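Trainee: I am attaching a structure below and will ask some questions about it afterwards.
In our numbering, the protein residues as written are 488 to 565.
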């Protein structure tokens, strides 16, 4: 059931979400644990992508919101 090195945690789900998760697990012949692990991995992967994008743009100049809005108005965009 558990592989060596895996950690156990208690997670509380909204009842409707838990029901949907159990149904998906049954439909995909996967465990709830495997589905949750994959979802967490996907979310963390998105975070890594976001952090990399932030690093690529860290040297870009900052623009004040007010200046951007004024420029849009000046150019007739709003």
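The beta carbon of each residue, even a glycine, is placed where N, CA and C say it ideally should be.
Note that this is a predicted model, so its numbers are computed, not measured.
Are the CB atoms of residue 500 and residue 510 within a distance shorter than 8 Å?
Mentor: no
Trainee: Between the C-alpha atoms of residue 537 and residue 531, what's the straight-line distance to the nearest angstrom?
Mentor: 10 Å
Trainee: Establish whether the CB of residue 529 and some CB of chain D are separated by less than 8 Å.
Mentor: Here there is only one protein chain, and chain D is not present.
Trainee: Tell whether a beta-carbon distance below 8 Å holds between residue 522 and residue 513.
Mentor: no
Trainee: Which residues in the same chain as residue 565 place their Cβ atom closer than 8 Å to its Cβ, once the five residues preceding and following it in sequence are excluded?
Mentor: 556 and 559
Trainee: Roughly how many angstroms lie between the CA atoms of residue 539 and residue 547, to the nearest whole one?
Mentor: 14 Å
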